[in-house]
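Novice: In the numbering used here, the protein residues as written are 1173 to 1441. Glycine residues also receive a C-beta, built at the ideal position from the N, C-alpha and C atoms. Predicted model, so just to flag it, every value in this text is computed and none were measured. Once you've had a glance at the structure underneath, I'll fire off some questions.
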Amino acid sequence: MTRLACAEFAPVVGDPDGNRARVVEWIARARACGADLAVLPELATSGYVFADEAEAQAAAMPADDATLAAWADAAGETTVVVGFCELGGDGGLYNSAAVLDDGRVRAVYRKTHLWDRERLVFRPGEEPAPIVDISAGRIGVLICYDLEFPEMPRSLALRGADLLVAPVNWPVVPRPDGERPPEVVQAMAAARTNRVFVAVCDRGGVERGQEWTRGTVVIDESGWVVAGGPAVTGEARLVVADVVLSRARDKSISEYNDVIADRRPDLYR
């Protein structure tokens, strides 16, 4: 059994020191609840609605910053996936996520698909989404809008991921009364079509007039939400679920069907 904890809180744009303290606090909370893996929001270190590139630059840090190493050490035996504003060695800014495990930074992923005004601040990543082997299983890392491209979850499933983790900042979009947020529906579809677990960590608060969905969810390999969902109150929360990740390695959906083996890629071109 693997315990997943998604820390849905509100980073504050223009307050990088405060955001770093919040990250430490939520890592500690996840560790205290016995989490094997903790997921924190997209751009947890900086906030999201930047006035301009200069404001993002002031909150950015390189992937080899001592802060990330310190968080990895503080996490103990808990693996942490956290979104951060990365200052690249090329001088560019990236919307990135770090995997902290075994007291070190195991991987850094730069968001491939940039949403809306992110294009005015960040450069898109040029490397495939990583898969990291941790004690609990194999995790693949995506960020927010990446989940809306079916090729991304599929590619990670084909490479053997048991669980997809996604730090996100989902802005509220219109939807009919009683319906789930469309982003949650897409995450459920990704889980079901690939028979993988999905853990999505959204953020809370209202930032410069932007309201967030607060749609943090943990989804099982059949595509059902087992923890989380749109929050009723505005309070920060830790969404926790116990899952058996090894179930994601069975891709059969009937006696005669397998979601991976049944593919016909020769016909998809």
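Would you mind reading off the limits of the alpha helix (DSSP H) that contains L1240?
Specialist: The residue you call residue 1240 lines up with position 68 of the sequence shown. Per DSSP, L1240 belongs to the alpha helix (DSSP H) from A1238 to A1246.
Novice: Is there contact here, the segment 1336-1348 with the segment 1307-1326, by at least three beta-carbon pairs under 8 Å?
Specialist: yes
Novice: Is S1307 helix, strand or coil when you go by DSSP?
Specialist: Here residue 1307 refers to the residue found at position 135 when the sequence shown is read from its first residue. Reduced to three states, the DSSP call for S1307 is coil.
Novice: Does DSSP classify S1424 as helix, strand or coil?
Specialist: Walking along the sequence shown from the start, residue 1424 turns up at place 252. Looking at S1424 - three-state DSSP - the assignment turns out to be strand.
Novice: Which residue spans inside the segment 1173-1206 form an unbroken beta strand (DSSP E) run of at least 3?
Specialist: 1174-1180
Novice: For the segment 1424-1438 against the segment 1397-1411, do three or more pairs of beta-carbon atoms, one drawn from each stretch, fall closer than 8 Å, so that the two count as touching?
Specialist: no
Novice: Excluding sequence positions up to five away, which residues of its chain have a Cβ less than 8 Å from the Cβ of V1398?
Specialist: Walking along the sequence shown from the start, residue 1398 turns up at place 226. Within the same chain, V1398 has close Cβ partners V1390, I1391, D1392, A1413 and V1415.
Novice: Could you check where the beta strand (DSSP E) with V1398 kicks off and where it finishes?
Specialist: Position 226 of the sequence shown, counted from the start, is the residue given in the question as residue 1398. Where V1398 is concerned, the enclosing beta strand (DSSP E) stretches over V1397 to G1400.
Novice: For my contact list, T1239 and L1209 are in at a C-beta cut-off of 8 Å; report their separation, rounded to the angstrom.
Specialist: As a working note, residue 1239 is residue 67 in the sequence shown. As a working note, residue 1209 is residue 37 in the sequence shown. Not confirmed; about 20 Å, so no contact.
Novice: By the 10 Å Cβ neighbour count, where 16 or more other Cβ atoms means buried, how is R1367 classified, buried or exposed?
Specialist: Within the sequence shown, numbered from 1, the residue matching residue 1367 stands at position 195. By the 10 Å Cβ count, R1367 comes out buried.
Novice: Pick out whichever of L1272, A1247 and G1186 has its Cα sitting closest to the Cα of E1225.
Specialist: Along the sequence shown, read from residue 1 onward, the residue named residue 1225 stands at position 53. Closest option to E1225, Cα to Cα, is G1186.
Novice: Are the beta-carbon atoms belonging to V1195 and A1216 less than 8 Å from one another?
Specialist: Mapped onto the sequence shown, residue 1195 falls at position 23. Mapped onto the sequence shown, residue 1216 falls at position 44. In this structure, A1216 lies closer than 8 Å to V1195 by Cβ.
Novice: Once DSSP output is grouped into helix, strand and coil, what is the label at R1435?
Specialist: Start at 1 with the first residue of the sequence shown, and residue 1435 comes out as number 263. Correct three-state label for R1435: coil.
Novice: Buried or exposed for E1383, going by 16 or more other Cβ atoms inside 10 Å?
Specialist: As a working mapping, residue 1383 is identified with position 211 in the sequence shown. With fewer than 16 Cβ atoms within 10 Å of its Cβ, E1383 is classed as exposed.
Novice: Please go through the same chain and pick out, in chain order, the residues whose beta-carbon is closer than 6 Å to the beta-carbon of R1380, but skip the five residues on each side of it.
Specialist: Position 208 of the sequence shown, counted from the first residue, corresponds to residue 1380. V1221, listed in sequence order.
Novice: Is it true that the CB of P1213 sits closer than 8 Å to the CB of N1341?
Specialist: As a position in the sequence shown, residue 1341 is number 169, starting the count at 1. As a position in the sequence shown, residue 1213 is number 41, starting the count at 1. In contact: N1341 and P1213 (Cβ atoms closer than 8 Å).
Novice: Does P1300 come out as helix, strand or coil in the three-state DSSP assignment?
Specialist: Position 128 of the sequence shown, counted from the first residue, corresponds to residue 1300. Correct three-state label for P1300: coil.
Novice: Going by the beta-carbon positions, is the gap between L1265 and V1254 smaller than 8 Å?
Specialist: On the sequence shown, residue 1265 is found 93 positions in, with the first residue counted as 1. On the sequence shown, residue 1254 is found 82 positions in, with the first residue counted as 1. No, Cβ-Cβ distance for L1265 and V1254 is not below 8 Å.
Novice: For S1424, count neighbouring Cβ atoms within 10 angstroms of its own Cβ and tell me buried if that reaches 16, exposed if not.
Specialist: The sequence position of residue 1424 within the sequence shown is 252, counting from 1. S1424 comes out exposed.
Novice: Starting from A1279, trace the beta strand (DSSP E) both ways and give me its first and last residue.
Specialist: In the sequence shown, counting from the first residue as 1, residue 1279 sits at position 107. Per DSSP, A1279 belongs to the beta strand (DSSP E) from R1276 to R1282.
Novice: In this structure, does DSSP put R1409 in helix, strand or coil?
Specialist: For the purposes of this step, residue 1409 is identified with residue 237 of the sequence shown, where counting begins at 1. Three-state DSSP puts R1409 in a strand.
Novice: Report all residues from its chain with a CB closer than 7 Å to the CB of L1444; omit the five preceding and five following residues, and keep chain order.
Specialist: The shown model of the chain, from 1173 to 1441, leaves out residue 1444, and the question about it has no answer.
Novice: How far does the beta strand (DSSP E) with A1333 in it extend, from its first residue to its last?
Specialist: Within the sequence shown, residue 1333 is the residue found at index 161, counting from 1. Careful: A1333 lies outside any beta strand (DSSP E) and carries neither H nor E.
Novice: Alpha carbon to alpha carbon, how far is V1356 from A1241? Give it in angstroms, no decimals.
Specialist: To locate residue 1241, count along the sequence shown from 1; it is residue 69. To locate residue 1356, count along the sequence shown from 1; it is residue 184. Near 32 Å, if we compare the C-alpha coordinates of V1356 and A1241.
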